[in-house]
Amino acid sequence: MRRRLLLWLPFALVAGLFAVFYAGLRHPDDHVIASRMVGQPLPQFAAAPAFPGRPGAATGDFADGKPRLLNIFASWCVPCRDEVPMLARLQAMGAEVDGIAVHDSAPDLQQFLAQYGDPYARIGLDAGGRAQMAFGSAGVPETFVVDGRGRILYQHVGVVTEADVPKLLAMLGGGR
């Protein structure tokens, strides 16, 4: 009898672990982490122009009185491809969208923009990831709403979706 119980013990442990994991998936805790960047001025950064004749992005560009979106993205990032149509839609609705391409190269970025679209007014190339680190960004895509004085109003981690458009436009003052 004791030997039979020992044979069933691994099965019971696996079943118990499965039940715990299943319960965690069905009723997750809220793990949203509030950004420390919200309400703060943009960190000091300078991302060189990605292409000749096109402006890059730097801290001073965001204190010109115009609220805008700052999108941190990369050509190698699959979710970044998915969000380009929403950024283009926001641009069409009057939002100014600036970008910082991280850990990227100009040829790869050129191909990305040609294939998926280019909603950006300016694109800075952050090949070494310094600007991304200044923002405390751990991944891509991330989008910041920046007021006309260079202060961060909101940080959106992940892909901008259809559901996010009204909130982003409202934070920008309804677009233009």
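Letter by letter, the sequence shown follows residues 1 to 176 in UniProt numbering.
Glycine included, each C-beta is placed from N, C-alpha and C at the ideal position.
Am I right that residue i and residue j are in contact with their C-beta atoms under 8 Å? What's the rounded C-beta distance?
i, j, result
"residue 82", "residue 159", "5 Å"
"residue 136", "residue 36", "7 Å"
"residue 142", "residue 121", "Not really, about 18 Å apart at Cβ, beyond 8 Å."
Compare the C-alpha of residue i against each of the options and name the closest.
i, options, result
"residue 80", "50, 96 and 119", "119"
"residue 145", "4, 45 and 62", "62"
"residue 134", "53, 54 and 58", "58"
"residue 38", "163, 162, 123 and 157", "157"
"residue 72", "129, 2, 167 and 52", "129"
"residue 170", "4, 90, 74 and 14", "90"
"residue 52", "107, 8, 4 and 3", "107"
"residue 165", "109, 84 and 104", "84"
"residue 77", "60, 55, 105 and 56", "105"
"residue 127", "56, 86 and 163", "56"
"residue 162", "86, 4 and 2", "86"
Excluding the 5 residues preceding and the 5 following residue i in the sequence, name in chain order all residues of the same chain whose CB lies nearer than 7 Å to its CB.
i, result
"residue 88", "117 and 119"
"residue 113", "none"
"residue 31", "Note that residue 31 scores a pLDDT of 45, beneath 50, so its modelled location is shaky; the value from the coordinates is reported in the next line. Contacts found: none."
So, residue i versus residue j, is the Cβ gap smaller than 7 Å?
i, j, result
"residue 131", "residue 47", "yes"
"residue 98", "residue 70", "yes"
"residue 173", "residue 42", "no"
"residue 102", "residue 138", "no"
"residue 50", "residue 123", "yes"
"residue 40", "residue 152", "yes"
To which residues of the same chain is residue i closer than 6 Å at the C-beta, ignoring the five residues directly before and after it?
i, result
"residue 65", "148"
"residue 109", "50, 75 and 101"
Counting only the same chain and skipping the five closest in sequence on each side, list residues whose C-beta sits under 8 Å from that of residue i.
i, result
"residue 54", "122 and 123"
"residue 92", "none"
"residue 2", "none"
At which residue ranges does the UniProt domain "Thioredoxin" (36-174) contain complete beta strand (DSSP E) runs of 3 or more residues, listed in the order of the chain?
46-49, 68-73, 97-102, 122-126, 142-146 and 152-157
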